[in-house]
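> Residue numbers for the sequence shown follow the working numbering, beginning at 385 and rising by one.
What follows is a structure written as structure tokens; I'll ask about it next.
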Amino acid sequence: MLTKRYVSPGGEDYVKRFNEAAFQAFADPEKNKPLKVGLTDYMGGDGTVIRAATVGHGLDIFPERFSDEAFFHHLVASGIEKPFRTVQLKFLFTQMPINTALQFVYDPACSVNEISGRYSVLSDKQETVNNELLMNVSKLSRAQYESFLEQHELARELARTILGTNTHTSFVWKMNLFELARFVTHQRKFLKLNNLAHDFINKIESIASVTAPYSWSALMNPGKKLSLTYPRDEAIVDPELSPALWSPQETEREVVTAMEDDLFHSHHFLDHGRFQTVDYLGSDQAVVSAARISYGQGTIKKRESAALLRYLIRNAHTSPLEMAVIAVEEKNPFFSDPRQVGRHRTAAWGSFMDEVQLGSQFYLPSKDQLRQQDTTNRQGRAELYSDEVASDILKAMQAISETQKDIVNNLSPEISRLAKGVGFYTRTWRTFDANNNSRFLALRLDEHAQWEVRQYAQQVFNAFRLHTPVIAQAFVDYTLETMRFSRLEREAIVNSRVLEGNVLDESSLVNLSEREKTELKKKLGLLKP
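Okay, here's the thing in structure tokens:
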């Protein structure tokens, strides 16, 4: 299908190989086995690294002429690593022994969903070892495990305890390119030469090296810095957000039509604020597939998939949500982003060549937002000013911002930024997965958040809703518009006459599933936990 996202020829080739192998294994599982390592999806490549490093401008913003490859080496040599985080690769590993998987699934930079011995019967495949005694023990353990399950109906989470760590496992594993280079480098130093993990490390390196070839080469073999002339801040920040630096192309990846329609469409907020989505990875269905890895099952029907997503949100099972990602670009007042939004450290972000620039545009609030300080809420605003007073305040804001601009015109950017107010606009990019997006929105859409930040958060939520609509609605239902009961509050409700005779009116619960009804009754103390 056609996509406006950046398309990596090497990444497409590996996704195609995975899709074909998966189809063949599904069609004839006895004859065809799934790949041990497959690239199931990716976001970005060399082109998005350039775009992120220049916040959409591309290399033409520099007066010097140099190769793309030299620019990537300059980024690494200069310690500018954030743009490489825009590239994300998602793999499916199968037939990996549990003791080998430990090197992968517990790396702090990865997102992972692994088959669980609590929810699913574990694989009957085990890594062979050249030791007859160990193999006999493995066979005996497997036979006893199956006996526990079939004859004794022992809980799976207890039955699995006797299986060896050579039992095969499967998992979905996602990591950004910068962290992947670190991971590969570390594992090569750490692992013994005969360790089976080397085979898997070699495979993911070969995939990464063709998905973003220049980036990977620079990360693994850093080169020299360039001598670059940076434009003045206003030339970087003031222009409208840039269109795509590439043409639409065919992709083997999943396509979300609503997102494709919105990519590189600049949305207006505040007075000079701009927001656009520029890339995405995964979808509602990708999160479902990741969650089902734990159960050892494939995709089921759509209605059950939606119910699973709502269950994940309702019960705070967040790891599958990390398999859906959006990338955005924005113009925002400095006090909003990075000063407040930047505190959400799980969302990767960056600016032009890792420096935060301040343009010539200054945020002036509308009169309906120009209010006095609330005397009881330190974060809030209270009464409106009269039109006359509001006009005077706005004129004063405008005057001081113009004075600041005049003073710094002949100063270096580094010095001029010190004199400018935090109301000047800056330009950044961000990536959010559905998990950290939910956490960000829960705080920044709240009525206690600063109004200007809420306007930005609304833009993020709009993109969230286009990308993963089922997850976004579940977020609204179970996080944004929900409330928690403390123990004292619950006891007050139960002991009051609100629940006459400790019975809920079932007619008022028609919008809840049976599981949700049960959970509500437990919360209210009407059923034992």
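Note that CB positions come from ideal geometry on N, CA and C, so glycine has one too.
Less than 8 Å between the C-beta atoms of Ser-735 and Lys-789, yes or no?
As a first step, residue 735 must be located in the sequence shown, where it is residue number 351. As a first step, residue 789 must be located in the sequence shown, where it is residue number 405. No, they are not a contact pair.
> Among the candidates Pro-627, Gln-487 and Ser-554, whose CA atom is the shortest distance from the CA of Thr-569?
Numbered from 1 along the sequence shown, position 185 holds the residue referred to as residue 569. Closest option to Thr-569, Cα to Cα, is Gln-487.
> Along the beta strand (DSSP E) that carries Lys-715, what are the first and last residues, could you check?
Taking the first residue of the sequence shown as 1, we reach residue 715 at position 331. Counting along the chain, the beta strand (DSSP E) containing Lys-715 begins and ends at 709-717.
> For Trp-733, list the residues DSSP reports as bridge partners.
Residue mapping note: residue 733 aligns to position 349 of the sequence shown, counting from 1. Arg-814, per the DSSP bridge assignment.
> To the nearest angstrom, how far is the alpha carbon of Asp-397 from that of Glu-836?
Translated into positions along the sequence shown, residue 397 becomes position 13. Translated into positions along the sequence shown, residue 836 becomes position 452. Taking the straight line joining both Cα atoms gives about 44 Å.
> Check whether the segment 430-446 and the segment 635-646 are in contact - that is, three or more C-beta pairs closer than 8 Å.
Touching, no.
> Going by beta-carbon coordinates alone, are Leu-825 and Val-854 separated by less than 8 Å?
Numbered from its first residue, the sequence shown carries residue 825 at position 441. Numbered from its first residue, the sequence shown carries residue 854 at position 470. Going by C-beta atoms, Leu-825 is not nearer than 8 Å to Val-854.
> Could you tell me which uninterrupted beta strand (DSSP E) segments, each at least 3 residues in length, are contained entirely in the segment 630-661, listed from first to last along the chain?
Entirely contained in the segment 630-661, the beta strand (DSSP E) runs reaching 3 residues are, in chain order, 651-653.
> Helix or strand or just coil, what does DSSP make of Met-385?
The count along the sequence shown starts at 1 and reaches residue 385 at position 1. Coil at Met-385, not helix or strand.
> Which whole-angstrom value is the C-beta distance of Ala-708 and Ser-667, which I expect to be below 8 Å?
Here the question's residue 708 lines up with position 324 in the sequence shown. Here the question's residue 667 lines up with position 283 in the sequence shown. About 6 Å separates the two Cβ atoms, so the contact holds.
> For His-552, list the residues DSSP reports as bridge partners.
For the purposes of this step, residue 552 is identified with residue 168 of the sequence shown, where counting begins at 1. Beta-bridge pairing links His-552 to Pro-481.
> Just how far apart, CA to CA, sit Val-505 and Arg-540?
Within the sequence shown, the letter at position 121 stands for residue 505. Within the sequence shown, the letter at position 156 stands for residue 540. Spanning the two alpha carbons is a distance of roughly 7 Å.
> Between which two residues does the beta strand (DSSP E) carrying Ser-495 extend?
Sequence index remark: in the sequence shown, residue 495 carries index 111 (1-based). 495-498 is the span of the beta strand (DSSP E), which, as asked, contains Ser-495.
> Considering only C-alpha positions, which residue in the set His-728, Gln-408 and Pro-623 is nearest to Lys-715?
To locate residue 715, count along the sequence shown from 1; it is residue 331. Among His-728, Gln-408 and Pro-623, the Cα nearest to that of Lys-715 belongs to Pro-623.
> Less than 7 Å between C-beta atoms, sequence neighbours within five positions excluded: which residues of the same chain meet that for Ile-791?
Within the sequence shown, numbered from 1, the residue matching residue 791 stands at position 407. Counting only Cβ-Cβ distances below 7 Å, and skipping sequence neighbours, we find Ala-803.
> Just grab the DSSP bridge partners of Gln-510 for me.
The residue given as residue 510 occupies position 126 in the sequence shown. BP columns for Gln-510 point to Thr-551.
> Counting only the same chain and skipping the five closest in sequence on each side, list residues whose C-beta sits under 8 Å from that of Leu-575.
In the sequence shown, counting from the first residue as 1, residue 575 sits at position 191. Cβ neighbours of Leu-575 beyond the five flanking positions: Gln-487, Ala-581, His-582 and Ile-585.
> Helix, strand or coil: which one does DSSP assign to Arg-899?
Looking up residue 899 in the sequence shown gives position 515. It is helical.
> Over the uninterrupted beta strand (DSSP E) stretch that includes Thr-432, give me the two end residues.
Counting from 1 along the sequence shown, the entry for residue 432 is found at position 48. Counting along the chain, Thr-432 falls outside any beta strand (DSSP E), though it belongs to the alpha helix (DSSP H) covering 430-437.
> Would you tell me roughly how many angstroms separate the C-alpha atoms of Arg-544 and Glu-537, rounded to the nearest one?
On the sequence shown, position 160 is the one that residue 544 refers to. On the sequence shown, position 153 is the one that residue 537 refers to. Rounded to whole angstroms, Arg-544 to Glu-537 spans 12 Å at the Cα level.
> Considering only residues of the same chain and omitting the five flanking positions on each side of Asn-483, which have a CB-CB separation below 7 Å?
Sequence index remark: in the sequence shown, residue 483 carries index 99 (1-based). Excluding sequence neighbours, Asn-483 sits near Thr-549 and Asn-550.
> If you draw a straight line from the C-alpha of Asn-403 to the C-alpha of Thr-424, how long is it?
Counting from 1 along the sequence shown, the entry for residue 403 is found at position 19. Counting from 1 along the sequence shown, the entry for residue 424 is found at position 40. Answer to the nearest angstrom: the Cα atoms are 8 Å apart.
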